[in-house]
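Here is the structure we will look at.
Protein chains: 2
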Amino acid sequence: MDKKKALEKIAQRLRIHSFKMTSKARSGHPTTCSSMAELAACLFFDEMRYNIHDPYDWANDEFVLSKGHAAPILWAVYAEAGILSQSSLKNLRKITSSLEGHPTPRMKWVKAATGSLGQGLSVGVGLALSMKLAQCPRRVYVMMGDGECAEGAVWEAANTASLLKLDNLCAIVDINRLGQSDPTMHGHNLDVYKRKFEAFGWNAVKIDGHSIAQILTAFRKSRESKKPSVILAKTIKGKGVSFLEDQNGWHGKPLKEEDLHKALDELGPMPEINAKKYVSKPSKISPPEWRRRFHFKRNTYASKTATRRAYGNALVNLGQVNDLVVSIDGDVKNSTYAEDFFAAFPRRSFEIYIAEQNMVGIGIGMAARGYIPFIATFAAFLCRAHDQIRMAAYSFSNIKLVGSHVGVSIGADGPSQMGLEDLALFRPIPGCAVLYPSDAYSAEGCVESMARYKGMAYLRTTRPATPLLYKKEESFPIGGSKILRRSQKDVAAVIAAGVTVHEALKAWEELKKEKISVRLIDAYSVQPLDGKIVKEVRKAGKKAVVAEDHFRRGGLGDAVASLLKGSADIVHLAVDELPRSGEPDELLNKYGISASHIVQAVKKLVQKR
Amino acid sequence: MDKKKALEKIAQRLRIHSFKMTSKARSGHPTTCSSMAELAACLFFDEMRYNIHDPYDWANDEFVLSKGHAAPILWAVYAEAGILSQSSLKNLRKITSSLEGHPTPRMKWVKAATGSLGQGLSVGVGLALSMKLAQCPRRVYVMMGDGECAEGAVWEAANTASLLKLDNLCAIVDINRLGQSDPTMHGHNLDVYKRKFEAFGWNAVKIDGHSIAQILTAFRKSRESKKPSVILAKTIKGKGVSFLEDQNGWHGKPLKEEDLHKALDELGPMPEINAKKYVSKPSKISPPEWRRRFHFKRNTYASKTATRRAYGNALVNLGQVNDLVVSIDGDVKNSTYAEDFFAAFPRRSFEIYIAEQNMVGIGIGMAARGYIPFIATFAAFLCRAHDQIRMAAYSFSNIKLVGSHVGVSIGADGPSQMGLEDLALFRPIPGCAVLYPSDAYSAEGCVESMARYKGMAYLRTTRPATPLLYKKEESFPIGGSKILRRSQKDVAAVIAAGVTVHEALKAWEELKKEKISVRLIDAYSVQPLDGKIVKEVRKAGKKAVVAEDHFRRGGLGDAVASLLKGSADIVHLAVDELPRSGEPDELLNKYGISASHIVQAVKKLVQKR
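From first to last, the protein sequence lines stand for chains A and B. The first sequence begins at 27 in the working numbering and counts up one residue at a time. The second sequence begins at 27 in the working numbering and counts up one residue at a time.
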């Protein structure tokens with residue numbers, strides 16, 4: 027059969043599947059599937075190379091559905107390709123099915139969860155970079171919607187793709203003119219999109235997104251481009267059904283039974299074609315032989331050192347034993363100390379400039395190809411990527427995040443630079459490990475633990491140098507804690523982490539002079555918090571003082587309160603106001619988390635009946 | 027004196043101040059101040075109109091220092107203009123001074139805290155929009171760095187400015203070629219910036235940023251432009267000091283004493299000029315007579331209604347009595363129900379398209395001119411603006427945020443659309459009120475409370491309809507709670523909010539059948555949580571079950587644990603895993619927060635000794 031004819035038939039099958047599936051599920055977005063049916067048919071049944079028997083085949087081209095609400099047509103694609111059974115499509119959005127409302131990697135062919143718009147292009151950049159890094163001659167395709175091009179993250183990704191000359195990246199924008207609540211910003215004005223992408227260094231071609239011939243030509247040109255390329259496809263939302271075509275008000279609405287019958291009548295019978303025959307299998311490519319160790323040589327420290335400094339040192343040594351470790355920076359590598367990794371491993375180091383969303387999105391893409399990205403910036407600026415971090419969790423992504431310059435202890439730069447909400451950001455994420463070392467050796471130990479851990483992990487590092495507390499080579503497992511001071515006479519426990527551990531040690535000395543003995547716990551694993559702390563506090567008079575350099579809510583204090591619930595009395599020292607510029611010690615004191623405050627809190631708590 | 031000569035002298039004074047101030051403070055960013063000295067001199071001592079006696083004068087032109095790390099030169103400007111004493115400059119970054127390391131509105135002329143890069147342009151858009159809305163013929167100037175143009179948020183703002191034809195907005199990009207750790211993305215290639223801004227619909231002019239003549243011409247052209255305009259200024263970082271000029275490695279480094287002497291020798295003596303004489307006072311303009319009431323007419327509900335639906339209704343009625351209320355949407359107004367306000371008050375309604383960072387930035391700008399912006403989107407997508415929300419707090423901004431579609435109760439759309447971390451995002455922010463209504467009447471009451479509140483407030487709304495629980499006109503003060511069931515025989519308390527209140531009511535009925543009496547508390551004010559809950563729980567057997575449709579950590583459970591610490595035993599029901607698509611009831615059940623789970627939890631807790 028003529029290829030164009032075949033692809034037209036496949037497109038129509040995908041379209042019909044999408045309408046049926048969403049009506050069956052009684053929710054979903056059929057009209058936005060319909061607009062991209064020809065694009066999907068050409069992409070998956072002519073352009074791309076993939077091994078239907080292995081979603082992780084190194085030789086596969088990769089795909090990201092950035093417009094995640096079009097999930098039904100993606101499931102239809104995989105059914106037509108023989109990856110899913112046709113009957114599984116009727117389980118769309120059921121609690122028992124991996125064919126969710128928006129894609130997640132519960133369905134194995136999905137490399138990143140999407141559904142929060144404007145994130146897919148960064149993931150595509152990460153996938154394309156991974157291929158370049160491993161010299162894998164494969165391509166990455168990202169299907170975007172026009173509405174999501176209003177998200178700044180798209181332009182962050184566009185910058186990186188052109189700067190890094192990712193000629194193996196092809197974006198397709200399904201410009202169907204209509205958003206959720208109204209027409210999109212630029213409607214069907216494809217020239218504006220073209221000017222924007224070209225200004226950001228891309229090759230851009232405009233096509234009729236329902237013309238198989240134009241789509242195939244565009245993909246061929248894309249393969250020949252020396253730049254990343256974008257196919258700007260003018261399409262009709264609800265294409266193929268007269269009462270839906272180009273009509274506002276149908277976003278996210280499945281057809282009710284009567285409307286579905288009308289639509290199916292217009293679309294005609296399901297075309298007869300065996301789409302599987304049109305899937306192209308890639309030629310075999312094997313991944314490189316990577317070193318994949320996690321135990322790295324520890325550095326020796328002679329005097330007090332910032333945990334961020336130790337992080338930088340550890341990452342270099344980890345990089346020596348593990349080829350999959352890569353470093354991603356947003357122009358603060360001289361502050362986070364990622365710069366040493368950049369110097370040691372320039373090929374595995376990526377300067378993304380000041381674009382935190384994109385840093386995380388790229389990390390998700392690289393992790394999906396097996397890399398272990400360490401993404402570091404000021405903790406405060408990780409807030410910028412909160413949505414990408416959230417989606418990384420739904421992607422079950424093995425990314426490692428590092429936030430430096432936490433808390434008021436950074437000093438004079440002022441509140442905009444202080445990470446005071448980062449624990450509240452990371453603690454809630456199911457499966458995310460949150461580590462907060464207090465000295466150089468614990469920082470190195472935490473780096474090994476987070477590298478070993480399969481899943482998202484967050485390391486919180488401090489700006490000022492802190493004294494050494496632990497032994498070289500000491501291990502800091504996720505979910506552990508360290509008892510720094512303990513006696514039979516303890517009348518209270520002090521629970522601290524990071525910089526407040528050192529305040530707590532000073533407080534311990536003060537209290538000792540007054541013959542008040544307290545147990546001192548370094549809760550370096552903020553999440554999961556060590557369950558043994560319950561017993562320790564019980565043995566220390568069922569009283570605890572928690573001190574942290576973080577806003578009062580969402581951090582270590584909440585974690586301890588939830589762990590100890592009902593079993594101990596607690597005083598919680600934390601930052602209660604919007605802080606200001608000043609010297610680190612002044613600020614620790616002003617915001618009530620210094621040694622003297624811990625001393626007072628212990629005394630008050632112990633005197634309490 | 028010749029104007030150009032005078033401005034040159036003022037520029038040199040600003041430059042010398044910046045070097046001296048940062049050396050005195052022993053921290054700060056003098057080289058990035060030096061690159062913008064001529065731009066600042068022309069802007070504040072020729073172009074802008076402002077009343078030095080009143081930072082809130084309605085007739086002032088407005089300024090945003092998006093490159094917040096250049097704060098010292100801004101303080102120097104205000105000292106030269108006669109707003110600050112010259113001697114106050116030596117207090118830069120001191121804990122007692124409002125001249126912080128990065129600008130915050132503790133210094134009254136600052137309209138928005140900056141220092142997290144790429145946010146200022148959205149604030150500028152908000153200020154410019156406010157002027158347009160009130161027909162105030164004034165202008166807004168935003169000083170940006172080149173490095174921050176990598177942030178996507180800049181391009182979100184650029185879109186809105188051109189779509190809304192903000193000809194009263196002028197951005198200046200100080201293109202000094204060097205970022206913090208390395209050269210910027212495009213170095214001194216001004217053409218790339220020009221292409222980008224033009225593609226986004228702006229007028230762009232390239233100039234030598236150290237030429238007073240070129241700067242003055244550029245500002246004049248900007249005033250004549252019918253589009254928003256950007257001045258792309260090629261500058262030299264460290265300008266004026268030979269060993270600093272265009273050198274990498276000097277970002278964020280003050281000069282030590284010896285280097286300072288060398289620099290001051292090169293810069294020459296402080297030029298003699300009375301800069302105050304060059305400040306232009308604006309002609310008087312009075313703001314409109316606004317209606318500013320907060321008590322609005324409540325709607326009547328006959329049957330179960332979604333709280334998001336009630337929010338939409340309430341906002342319209344609030345808009346009838348308060349002209350300062352404006353609505354900002356990111357293409358989900360038909361889901362959040364902001365669409366009714368859009369229909370009723372089109373002039374006060376702003377479609378920002380899918381760009382949440384920009385929505386919040388614009389809100390900060392509008393709030394700085396007295397408006398009360400209600401910014402609504404899916405709660406999950408507010409994560410996208412976490413950094414802007416954080417900076418809004420440091421701006422002491424009176425913005426109101428509304429997150430709809432919270433929790434697993436949204437059902438089949440799947441995890442990417444479920445707000446399960448929003449309480450953890452908003453609770454930590456000092457001064458932010460967090461309200462979570464459970465029925466239509468409480469939603470309306472919460473809207474009034476948040477509108478009245480001076481400061482940031484967050485309203486959490488639910489997708490499915492919920493039964494009516496409260497009376498029309500009932501009030502829901504911030505920091506309150508409602509006791510829905512209470513008896514002398516209560517053996518435990520159930521604390522819920524939003525959708526779980528209804529599960530708790532079902533559980534109460536079940537437990538009653540088994541003669542187990544529990545107190546039922548609607549903790550609609552999640553932050554601040556009602557302190558009276560401590561007493562209620564004490565009277566209900568010192569046992570509490572908390573149930574919430576949110577991830578386990580960072581939400582209501584943590585809040586209750588921190589409030590009750592030591593005084594009660596607590597069982598906490600919350601979402602523990604990364605959830606999936608399904609029906610709302612299936613999901614409430616699967617993730618352990620339905621009525622039957624509450625029943626089981628109460629029984630287990632009560633049986634416990």
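Backbone N, C-alpha and C define an ideal beta-carbon position, used for all residues, glycine too.
Do residue j and residue i have their beta-carbon atoms positioned less than 9 Å apart in this structure?
i	j	result
A:R606	B:E126	yes
A:I547	A:L510	yes
A:T487	A:R324	no
A:L151	A:N300	According to the sequence shown, residue 151 of chain A is Val rather than Leu. Against a cut-off of 9 Å, the Cβ pair of A:N300 and A:V151 comes out as no contact.
A:G54	A:G278	yes
B:S142	A:A406	yes
A:I596	B:K282	no
B:Y337	B:V428	yes
B:T57	B:L270	yes
A:N202	A:I262	yes
A:I624	A:V571	yes
B:G396	B:P313	yes
Looking at the unbroken alpha helix (DSSP H) that takes in residue i, where does it start and where does it end?
i	result
B:L91	Segment E88 to L91 is the beta strand (DSSP E) holding B:L91; no alpha helix (DSSP H) there.
B:D291	E283 to L293
B:E271	First-last for B:E271: undefined, no H or E at that position.
A:H598	Here A:H598 belongs to no alpha helix (DSSP H); instead the beta strand (DSSP E) covers D595 to V601.
A:N229	Where A:N229 is concerned, there is no enclosing alpha helix (DSSP H), although the beta strand (DSSP E) it sits in stretches over N229 to D234.
A:A239	I238 to E250
A:H412	H412 to Y420
To the nearest angstrom, how far is the alpha carbon of residue i from that of residue j?
i	j	result
A:V352	B:F45	38 Å
A:G213	A:G171	12 Å
A:A289	B:S156	46 Å
A:M476	B:V305	56 Å
B:H128	A:L631	38 Å
A:K120	A:L147	28 Å
A:I398	A:V90	20 Å
B:F226	B:E474	38 Å
B:S513	B:E603	35 Å
A:V525	B:P610	44 Å
B:K29	B:C68	10 Å
B:A63	B:Q414	28 Å
A:A332	A:A466	7 Å
A:L531	A:V149	44 Å
Is residue i near the ligand FMN, with its Cβ less than 8 Å from a heavy atom?
i	result
A:G580	What this structure holds is no ligand at all, so the ligand FMN is not there to describe.
With DSSP run on the structure shown, which of helix, strand or coil describes residue i?
i	result
B:C196	strand
A:S430	strand
A:Y379	coil
A:N202	coil
A:G445	strand
Tell me which residues share the same chain as residue i and place their Cβ nearer than 8 Å to its Cβ, disregarding the 5 neighbours each side in the sequence.
i	result
B:K158	L190, L192 and N194
B:I6	Outside the shown range of chain B (27 to 635) lies residue 6 of chain B, about which nothing can therefore be said.
Mind checking which residues open and close the beta strand (DSSP E) that includes residue i?
i	result
B:P554	Looking at the DSSP string, B:P554 is not in any beta strand (DSSP E), and its letter there is neither H nor E.
B:G143	The residue asked about is misnamed: residue 143 of chain B is Leu in this sequence, not Gly. Where B:L143 is concerned, there is no enclosing beta strand (DSSP E), given that its DSSP letter is neither H nor E.
B:P399	I398 to F404
A:F320	Careful: A:F320 lies outside any beta strand (DSSP E) and carries neither H nor E.
Whose C-beta lies closer than 6 Å to the C-beta of residue i among residues of the same chain, with five residues either side of it excluded?
i	result
A:K302	G108
A:Q240	I233 and D234
A:G205	G173
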